[in-house]
Amino acid sequence: MMLDARLVDPLDALHLPREDDAFRVGLVVPQSGPLGLTGPSALDGALLAAHEINARGGIHDRPLDLVLVDGGGEPGPVSADVARLLDAGALDALAGCHTSDVHRAVETVAAGRIAYIYTPPHEGGTRRPGVLCTGTDPNGQLAHALPQLTEHHALRRWALIGNDYIWPRSVHRTATALATRAGARIVLERRLPFGTVERTVEPLLDALRTARADALLLSLIGRDLVHFNRALRRSGLDRRLVRLSGALEENGLLALGGDDTGTLYAAMPSFATLAEEPRQLLAERHRALCGPWAPVLDAYAVGLYEGLHLLAALADRHALEPNGLSRAAGRLLRGERPGVHLARAEGLGFAVLSGPSAR
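The sequence shown begins at 1 in UniProt numbering and counts up by one.
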């Protein structure tokens with residue numbers, strides 16, 4: 001079976017006429033930067049969704065094309081790339097899976113002009129007209145997982161370590177409140193600029209020892225999360241600390257080389273090993289179209305896949321106007337509350353322990 005989905009270069013979208021009067025969605029996913037290791041999976045999830053939408057006749061009898069924008073750069077340049085496409089009338093909608101600081105910058109240029117669906121876990125708060133977040137906020141990710149681990153492991157001293165941008169800040173505020181209610185306390189908090197973990201990790205490890213932490217909430221992302229978990233392994237702290245992440249998925253676990261400590265947990269909307277029939281069928285369709293060596297569809301990829309199908313459903317209902325997008329999506333998704341699963345790393349994969357917990 002051939003993949004019926006076209007990926008369009010932004011320069012071609014700016015300067016060449018559309019083939020078959022295609023409906024073009026700007027796909028903002030990281031092909032570089034802190035979350036670059038998740039890019040291939042996210043792209044596969046988007047292509048699979050586009051293939052399925054096109055197999056049903058596209059959007060209003062127009063084929064769906066994806067215009068790939070690298071969402072892995074700094075917020076300003078990424079949003080400038082999106083703005084150029086919008087100013088040229090090259091896009092009919094936007095979908096993205098990238099960091100929240102990039103999201104807020106893209107939101108600024110897209111709001112009120114075009115429907116923009118943002119699919120990964122996010123920091124919460126309000127959004128501008130035409131911007132729809134389909135992922136979960138920090139309370140949705142942690143409200144079940146953090147108290148459960150605190151009780152199960154009799155944890156009393158949590159440390160918080162993350163990257164320094166809008167999502168980890170919101171995560172840390174939520175985690176502090178949840179830990180306090182669970183009878184624990186925060187003994188250390190650090191936030192690091194992207195790409196600095198490798199050269200600053202030894203003082204961080206010393207600080208963890210000094211604080212006598214018994215649990216660690218990690219809101220590092222992508223390669224920084226991988227580097228830090230590798231450093232924990234070298235130090236032996238990985239076997240002393242219960243670790244919980246709201247950003248660890250299969251690609252990050254593979255880059256880490258797996259984990260067999262029994263103390264590394266992730267709280268995410270989806271895992272490849274979920275026994276749910278829709279998740280297994282999605283994996284089978286992906287393998288059939290992209291081959292057995294295609295990247296695993298992680299939580300980011302599944303979120304983007306579902307976000308594009310939601311966008312197509314809204315378009316079918318003529319509901320992509322920015323001012324009515326959230327109301328129309330709410331009606332479409334009524335009763336389908338996103339959930340979060342708690343899973344433990346076991347070797348190169350995850351064992352799902354519980355879920356979903358509703359937002």
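Built from N, CA and C at the ideal position, the CB exists for glycine as well.
- Three or more Cβ pairs drawn from the segment 297-310 and the segment 265-279 lie within less than 8 Å of each other, which places the two stretches in contact.
- Within the same chain, and ignoring the five residues on either side of Asp21 in sequence, the residues whose Cβ sits closer than 6 Å to its Cβ are Arg62.
- In this structure, DSSP gives Cys97 a state outside helix and strand, which the three-state scheme calls coil.
- As computed with DSSP, Phe350 is found in a beta bridge with Ala345.
- Each residue's CA atom was taken as its position, placing Leu48 and Thr210 some 48 Å apart.
- For Glu189, the enclosing beta strand (DSSP E) starts and ends at Arg185 to Leu192.
- Cβ-Cβ distances below 6 Å link His153 to Val242 in the same chain, with the five nearest sequence neighbours on each side left out; the list follows chain order.
- Going by C-alpha positions, Ala207 is about 26 Å away from Gln141.
- Ala175 places its beta carbon less than 7 Å from that of Leu160.
- Each of Ile59, Asp92 and His103 was checked against the Cα of Ala80, and the nearest Cα belongs to His103.
- The three-state reading of DSSP puts Asp92 in coil, since its state is none of H, G, I, E or B.
- When C-beta atoms of the segment 211-229 are compared with those of the segment 243-261, three or more pairs fall below 8 Å, so the two segments count as touching.
- Per the DSSP secondary-structure output, Asp70 pairs in a beta bridge with Val29.
- In this model, Ala283 and Asp316 are separated by some 26 Å (Cα to Cα).
- Contact between His309 and Asp44 does not hold, since the beta-carbon distance rounds to 15 Å and is not under 8 Å.
- Taking all protein chains shown into account, Ala288 has fewer than 16 neighbouring C-beta atoms within 10 Å of its C-beta and is therefore exposed.
- Note on geometry: alpha-carbon atoms of Arg279 and Val302 lie some 9 Å from one another.
- The DSSP-derived three-state label of Gly339 is strand.
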